[in-house]
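Heads up, the thing below is written out as structure tokens.
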């Protein structure tokens, strides 16, 4: 077969073990050697910390005194903590409204751009740009200025006779502002949708047209099912992503989650508990709840996906 | 383009007049109208989407009195560089140039670390057959979905006990240990697309894994290495939470933290300088975007990258 000469020579000098297993041994050694950076990182930066954060979540650790085991106290306290419950509500609102809106915008624009036209590259790039800068501190500052009292958004709306005042200071409007910020970054899922749309054979649409199908039927019967694996991927990634919003919330609310807790996102509250109050056990419990919730959501997505996600190999 | 085959009638709408639907048979006028509508709609949307960025750039050149005041036009008669002059002075006695240098050190470190560690690990996953590979691969994929907040507290405690808080070590070590599973995955996918005959041939010629990886795989992986470099640079440049946790001397701050400091201390008193500094902080990202937009957008669509 494809034994390397170096290996054969070595095998010849020590002929006892059969060549095959020699090769396998060498591969195992090489495999783990090449995997070493990832393996070290995985153990030291992921598995180890996960185990310790699980342990800490059952303690009252505050970074200065030795952790004391308090059982499920942190978890029980969480559900009586009004700010925690508020942060759950805020985050849920953001995920439930922001993600579908963002994906709808992404899909709509992707479909608009999916025909061969001049300037396609320009449009794709222009729509993608916000995804690259949207989570930065700079954009959070700009957003705050734009939605502030007498900012351009406020002025634009008053031109139409709508007077809301600034959005930043109004607890009823901050969520709308945050959702607009995430929808604005629709470019990343859009580009993935575009790649998916390109995979759909055009003769399907031509055949449907021949049968007299209108655009709605074409969308429901061809685009949606053919695109469902990509929709699923985007939905899963964007949802998980949305749970982890931090920098924009921190900057827009001056690190406090205000006004009236309306931008107290889960991760922001976790940060405040862990790194401002040094209640690291409590924050660890929060982190684990987040892992569990994200895990459950991922599981639900995968379970329900069987009924609506069609892979090309599927029987109809 | 298709005028030759165009019948005199515009696109047949009823099957009775034309039994076979031919999408190419639309007249040029209809095509022109459609294309004009498309461009008008698309350009209007582009204008909407890019408005915040344009507003930011325009505001950075305006005097304070015109930002957020009655005049929100993108064009001002009083354009000046004053805001940038103020912004470059920095904050708390540290010049903005220092913040830039810090950001640059962190971003370049992130690129070097990520490219090295992710490509080496990806080679093991994609090209070497060894027991446990499947299991580890599954675990790596699982970390893609894991909210990283679950690890930040213990990580912080460890780095704090090692006396590494307020150094760049906690911010960079993960990059050298392929902690961004995303890039490992991207490279594995890319390597799997390369023909297996390459390795086989090299093996016959006596090359070991190190040679195969270094002289065959790496050169062929250029597109994946480029997208990884671009994205790890930009993500590191924009990162806020990491530096917020680990750095506490302003001399070591990268731009996003400096910006926050600026916001905290100036509040709305010097809006212009604040926005000018935001522009400065985004400048490398914008430049990168303009230069590499092709790679960036294509990298996303082929590898499912997140922005």
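Residue numbers (the working numbering), protein chains in the order written: chain A, 1 to 316; chain B, 1001 to 1307. Glycine included, each C-beta is placed from N, C-alpha and C at the ideal position. In this text, all values refer to a predicted model and were calculated from it rather than measured experimentally.
CB-CB length for residue i against residue j, believed under 8 Å
i               : j               : result
residue 1259(B) : residue 1277(B) : 6 Å
residue 1083(B) : residue 1273(B) : 5 Å
residue 37(A)   : residue 1176(B) : 7 Å
residue 153(A)  : residue 146(A)  : 5 Å
residue 270(A)  : residue 1151(B) : The pair is not a contact, with the Cβ atoms about 12 Å apart (cut-off 8 Å).
residue 1102(B) : residue 1254(B) : 5 Å
residue 57(A)   : residue 281(A)  : 6 Å
residue 265(A)  : residue 252(A)  : Wrong, their Cβ atoms sit about 10 Å apart, outside the cutoff.
residue 243(A)  : residue 290(A)  : 7 Å
residue 112(A)  : residue 1042(B) : 7 Å
residue 1230(B) : residue 1185(B) : About 17 Å separates the two Cβ atoms, so there is no contact after all.
residue 41(A)   : residue 1179(B) : 5 Å
residue 86(A)   : residue 196(A)  : About 38 Å separates the two Cβ atoms, so there is no contact after all.
According to DSSP, residues forming a beta bridge with residue i
i               : result
residue 69(A)   : 59(A)
residue 1094(B) : 1091(B)
Contact with chain A by residue i, beta-carbon distance below 8 Å
i               : result
residue 1129(B) : yes
residue 1304(B) : yes
residue 1238(B) : yes
residue 1300(B) : yes
residue 1297(B) : yes
residue 1194(B) : no
residue 1274(B) : yes
residue 1285(B) : yes
residue 1293(B) : yes
residue 1308(B) : The displayed coordinates of chain B run from 1001 to 1307. Any statement about residue 1308(B) would go beyond what the structure contains.
residue 1234(B) : yes
residue 1117(B) : yes
residue 1289(B) : yes
residue 1110(B) : no
residue 1035(B) : yes
residue 1186(B) : no
residue 946(B)  : There is simply no residue 946(B) to check, as chain B begins at 1001 and stops at 1307 in what is shown.
residue 1271(B) : yes
Below-8 Å beta-carbon distance, residue i vs any chain B residue
i              : result
residue 249(A) : no
residue 311(A) : no
residue 272(A) : no
residue 63(A)  : yes
residue 11(A)  : Caution is warranted here: a pLDDT of 42 is assigned to residue 11(A), below 50, making its placement in the model unreliable, and the coordinate value is therefore given only provisionally. No, because no Cβ of chain B sits closer than 8 Å to the Cβ of residue 11(A).
residue 45(A)  : yes
residue 50(A)  : yes
residue 129(A) : yes
residue 56(A)  : yes
residue 132(A) : yes
residue 110(A) : no
residue 302(A) : no
residue 125(A) : yes
residue 183(A) : no
Three or more C-beta pairs under 8 Å: does that hold for the region 1034-1044 of chain B against the region 113-124 of chain A?
Yes, since at least three Cβ pairs between the region 1034-1044 of chain B and the region 113-124 of chain A fall closer than 8 Å, the two stretches touch.
Please determine if the region 1151-1167 of chain B and the region 1197-1211 of chain B are in contact, where contact requires at least 3 C-beta pairs separated by less than 8 Å.
No, they do not touch.
Contact residues within the region 1250-1261 of chain B, judged by C-beta distance below 7 Å to chain A:
1256, 1259 and 1260
Does the region 154-174 of chain A come close enough to the region 1270-1284 of chain B to have 3 or more Cβ pairs within less than 8 Å?
no
Determine which residues of the region 275-286 of chain A have a Cβ less than 7 Å from any Cβ of chain B, and write them out in chain order.
Per Cβ criterion, the list reads 275, 280, 283 and 284.
Residues of the region 66-91 of chain A with a CB closer than 7 Å to any CB of chain B: list them in chain order, please.
none
Counting beta carbon pairs with one atom in the region 1214-1223 of chain B and one in the region 1283-1292 of chain B, are three or more of them shorter than 8 Å?
no
What residues from the region 191-218 of chain A come within 8 Å of chain B, judged by C-beta to C-beta, listed N to C?
Within the region 191-218 of chain A, the qualifying residues are 191, 192, 194, 195, 206, 209, 210 and 212.
Return the residues of the region 1119-1143 of chain B that lie within a Cβ-Cβ distance of less than 9 Å from chain A, sorted by chain order.
1120, 1121, 1122, 1123, 1124, 1125, 1127, 1128, 1129, 1130, 1131, 1132, 1133, 1136, 1139, 1140 and 1143
Members of the region 1208-1230 of chain B near chain A, C-beta cut-off 8 Å
1208, 1209 and 1213
Cβ contact (3+ pairs, closer than 8 Å) linking the region 1190-1201 of chain B and the region 1130-1139 of chain B
Short answer: they don't touch.
Near-chain B residues of the region 289-300 of chain A (beta-carbon distance less than 7 Å), N- to C-terminal order:
290, 291, 294 and 298
Taking any Cβ of chain B, which residues in the region 94-106 of chain A have a Cβ under 8 Å from it, in chain order?
Here the close residues number zero.
Would you be able to state if there are at least three C-beta pairs under 8 Å between the region 279-292 of chain A and the region 101-108 of chain A?
Verdict: no, contact absent.
Would you call the region 93-103 of chain A and the region 172-186 of chain A touching, i.e. three or more CB-CB distances under 8 Å?
yes
Measuring CB atoms only, is the region 182-196 of chain A touching the region 209-220 of chain A, in the sense that at least three cross pairs come out at less than 8 Å?
no
So does the region 1087-1100 of chain B actually touch the region 1154-1162 of chain B, counting three or more Cβ pairs closer than 8 Å?
Using a Cβ-Cβ distance cut-off of 8 Å, the region 1087-1100 of chain B and the region 1154-1162 of chain B are not in contact, since fewer than three pairs of beta carbons, one from each stretch, lie closer than that value.
Contacting positions in the region 144-173 of chain A - beta carbon closer than 7 Å to chain B:
145, 146, 148, 150, 151, 152 and 155
The region 23-43 of chain A: positions lying closer than 9 Å to chain B by Cβ:
24, 26, 27, 28, 29, 30, 31, 32, 33, 34, 35, 36, 37, 38, 39, 40, 41 and 42
For the region 1238-1254 of chain B against the region 1102-1118 of chain B, are there 3 or more C-beta pairs whose distance is under 8 Å?
yes
Interface positions of the region 253-273 of chain A facing chain B (Cβ-Cβ less than 9 Å), listed along the chain:
254, 255, 266, 267, 270 and 271
For the region 1146-1172 of chain B, list every residue whose C-beta sits within 8 Å of some C-beta in chain A, in sequence order.
Here the close residues are 1146, 1147, 1148, 1149, 1150, 1151, 1152, 1153, 1154, 1155, 1156, 1157, 1158 and 1160.
Give, in chain order, every residue of the region 1091-1110 of chain B whose Cβ lies closer than 9 Å to some Cβ of chain A.
none
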